[in-house]
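To keep things clear, I will list the structure first and then write my remarks on it.
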Amino acid sequence: MNQMQLIAVPLSIENFLEYGDVVEHRGTETRRMLNTPLEHSSLNLRLGFSVNRLTQSPPGAVQINTLERHPYSAQTFIPLIPSRHLVVVALSDDDGHLDPKTLKAFLTNGRQGVSYRAAVWHFAFTAIDTDSEVAVILGRTGGNDDTEYTTLHAEVILPS
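Position 30, counted from 1, in the sequence shown is what this note's numbering calls 322; the numbers after and before it change by one each time, with no gaps.
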């Protein structure tokens, strides 16, 4: 496959809807409920919660080579340090393979996280401005089928 080029756009609840939830508070209500982090298949999943350290991406375009998906569970990233993060996602085609036509890149505003729906292809949640730490929630079956990988050759141009 030839290298694709994407331009990251600002992340919003509306433009991310088909891929999952944007983890942010909006409006004046006391609480905004998010259902995606708790969505999963009917399998008996064990919910995992971790804190991950992310190294800042080098300046310039971000090279995308491997995407992953979790077929049975949503995966949620909640930044613990205010910093922009790159989010790259894609849907599957009818055969379950990555559909390159659905590949999109988003840039958080520094206070947003994401919760990918189960089976959404995604690149690593990538720190842009500084090293970062994120809380991660993911359900696991306990087998070797919790994560699937695919190769893609793309680069993402970040807005200035």
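Every residue, glycine too, gets a C-beta built ideally from N, C-alpha and C.
List the endpoints of the continuous beta strand (DSSP E) containing residue i.
i: Asn344; result: Arg338 to Leu346
i: Ile370; result: Gln367 to Pro371
i: Ala382; result: His377 to Ala382
i: Phe364; result: Residue 364 is actually Tyr in this sequence, not Phe. It is not in any beta strand (DSSP E) - Tyr364 carries neither H nor E in the DSSP assignment.
i: Gly402; result: Per DSSP, Gly402 belongs to no beta strand (DSSP E) and is neither H nor E.
Reducing DSSP to helix, strand and coil, say where residue i ends up.
i: Pro451; result: coil
i: Thr422; result: coil
i: Thr394; result: helix
i: Ile299; result: strand
i: Leu326; result: coil
i: Asn357; result: strand
i: Thr485; result: Residue 485 is absent from the structure shown; the chain starts at 293 and stops at 452.
i: Ser407; result: strand
i: Arg432; result: strand
i: Val412; result: coil
According to the neighbour-count rule (16 or more other Cβ atoms, all chains shown, within 10 Å of its Cβ), is residue i buried or exposed?
i: Pro302; result: exposed
i: Ser452; result: exposed
i: Val426; result: buried
i: Ile279; result: Outside the displayed span of the chain (293 to 452) sits residue 279, for which this structure offers no information.
i: Gln355; result: exposed
i: Asn392; result: For clarity, residue 392 is Pro in the given sequence; the question names Asn instead. Under this definition Pro392 is an exposed residue.
i: Thr368; result: buried
i: Pro329; result: buried
i: Gln404; result: buried
In the DSSP assignment, find the unbroken alpha helix (DSSP H) run with residue i in it and report its ends.
i: Phe308; result: Ile305 to Phe308
Just grab the DSSP bridge partners of residue i for me.
i: Asp387; result: Answer by DSSP bridge pairing: none, since Asp387 is not bridged.
i: Asp313; result: Ser407
key: contact_flag[the stretch 342 to 354, the stretch 435 to 443] where n(CB pairs < 8 Å) is 3 or more   = The stretch 342 to 354, when compared against the stretch 435 to 443, does not touch it at the 8 Å Cβ threshold.
task = State whether the stretch 407 to 423 contacts the stretch 312 to 330, with contact taken as three or more CB pairs (one from each stretch) at a distance under 8 Å.
result = yes
request  = Mind the definition here: the stretch 412 to 422 touches the stretch 366 to 383 only if three or more C-beta pairs lie below 8 Å; say whether that holds.
outcome  = In short, these stretches touch, since the Cβ pair count reaches three.
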